[in-house]
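In full-length UniProt numbering, the protein residues as written are 1 to 463.
Beneath this line is the structure, given in structure tokens, with notes to follow.
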């Protein structure tokens, strides 16, 4: 940040510009200390600083960091053009994060407010983005991540809906845009972005002015916590709320009210953020790789591909899996496909470790599938019972995992270069028959779950 030199806030380029009205200033807030005026406002006083946060935060991590910083006061009546010039003067600053580039480009395109449209500043931000060194793979060498995102209007529209919560953009990872778009899970990802906006709107009770006062320190402290169910987190966060370290831009009564809303909204989930959204892409990719074993995407989204292959079970039933071996039929509903689709995702969540993708071998030779054949068979069988019909599912159902396991066991039992079985098919069938004699152990973990009487129609084994 400081180029290996000392942190010297007295340098003119390190000053922090701030605006304040003449009426709010009081002479007794200033103290002359060795010829330098020190500003000591009362607790709760908010000073609108136009930039410099990165520098101050970096200085706080230094053992010799300053306790105070030089601030240049500007009258609050300055023109908007002057204010913009002060904000956009980034000399000596750390490069903005990805989200700030996106926000500023969209702001000066006039998307958020036509009055803010400024072609010169928009081009300046685009040029600054393009001047930054970026780590790119061979496939991404000629690809601009920002332009790539701006070319996908559904995602842009969803991200633009966060404009009243600008601090959320700090979690935007432009380098992961390619992964996000190539996942083929547009419906799920867009739904998650809408849920992110809805969550924060609920916490702030729809007050967009208050949303603009959410600061980065608060967001980074709250994200991925669940004070609604974790008492230890609730106590720790409440202490930060009380001291103003969290939600510091608000009065104590407002902080307590907002925190109560956070607790109420985290009874069944974590505090969401864009940072969490992008961190979860790797996990989503693992699950998507499992799901594509059931259906080829062929340039379409996963949901639309499976929706086209859904035929139901032919009896008008809506089946729900209650454990690994049993399903129940619930009252007919309009969400047959949605419930069936979610159950496939749940299966992938439970068993993704047993269904890794087939990787291209680094050396010439046979290419094997590392997935557990029985898990693949059970996955295909579940999909078929729920009403999905694809060539992939049919192909998986023709592969008896017991025979594959029996064949592998027999081949590994003796060195193939020295031994052979006179009738391989017969001994494979005999070994598979022995495997199939296994019976399920009766234990509380394996007992059939009985649904409420009003919902139960009948239980049927998932086969």
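For glycine and all other residues, C-beta sits at the position ideal for the given N, C-alpha and C.
Beta-carbon separation (whole angstroms), residue i vs residue j, contact threshold 8 Å
i	j	result
residue 46	residue 68	With 8 Å as the limit, residue 46 and residue 68 do not qualify as a contact, their Cβ atoms being about 18 Å apart.
residue 465	residue 282	Residue 465 falls outside the range modelled here, since the chain spans only 1 to 463, and no answer is possible.
residue 174	residue 146	6 Å
residue 199	residue 265	6 Å
residue 311	residue 343	That belief does not hold up - the Cβ atoms of residue 311 and residue 343 are roughly 16 Å apart, past 8 Å.
residue 267	residue 212	So it is not a contact: roughly 27 Å between Cβ atoms.
residue 132	residue 95	6 Å
residue 349	residue 410	That pair is no contact at about 34 Å.
Residue environment, residue i, which counts as buried when at least 16 other CB atoms sit within 10 Å
i	result
residue 209	exposed
residue 418	exposed
residue 271	buried
residue 360	exposed
residue 107	buried
residue 239	exposed
residue 180	buried
residue 466	The question about residue 466 has no answer here: the residues shown for the chain are numbered 1 through 463.
residue 346	exposed
residue 139	Reliability of the predicted coordinates at residue 139 is poor, the pLDDT of 48 falling under 50, and the value obtained from them is presented with this limitation in mind. Exposed, since its Cβ has fewer than 16 Cβ neighbours within 10 Å.
residue 398	exposed
residue 464	Nothing about residue 464 can be read from this structure; the chain reaches only from 1 to 463.
residue 415	exposed
residue 390	buried
residue 142	Because residue 142 carries a pLDDT of 41, less than 50, the predicted location of this residue cannot be relied on, and the following value inherits that uncertainty. Label assigned to residue 142: exposed.
Coil, strand or helix - residue i by DSSP
i	result
residue 310	strand
residue 17	strand
residue 152	coil
residue 429	helix
residue 74	strand
residue 343	helix
residue 193	helix
residue 322	coil
residue 377	helix
Candidates the options: closest to residue i by CA position
i	options	result
residue 369	166, 150, 290, 101	290
residue 277	205, 264, 155, 310	155
residue 70	169, 16, 259	16
residue 356	299, 285, 164, 328	285
residue 167	345, 104, 179	104
residue 31	40, 25, 23	40
residue 162	274, 182, 226	274
residue 324	196, 49, 375, 158	375
residue 433	402, 74, 411	402
residue 319	259, 260, 388, 410	388
residue 358	350, 352, 346, 371	371
residue 352	328, 428, 379	379
residue 77	20, 110, 293	20
residue 313	304, 302, 329	329
residue 425	412, 413, 407, 251	407
residue 226	260, 404, 252, 97	260
residue 184	439, 72, 413, 292	292
Hey, which unbroken runs of the alpha helix (DSSP H) at 4 residues or more fall wholly within the stretch 197-276? 208-211, 216-222, 231-243, 252-265
For the stretch 98-149, which segments carrying the alpha helix (DSSP H) assignment without a break, of at least 4 residues, lie completely within its bounds, in sequence order? 98-108, 119-131
Entirely enclosed beta strand (DSSP E) segments - the stretch 24-55, minimum 3 residues: 30-33, 36-39
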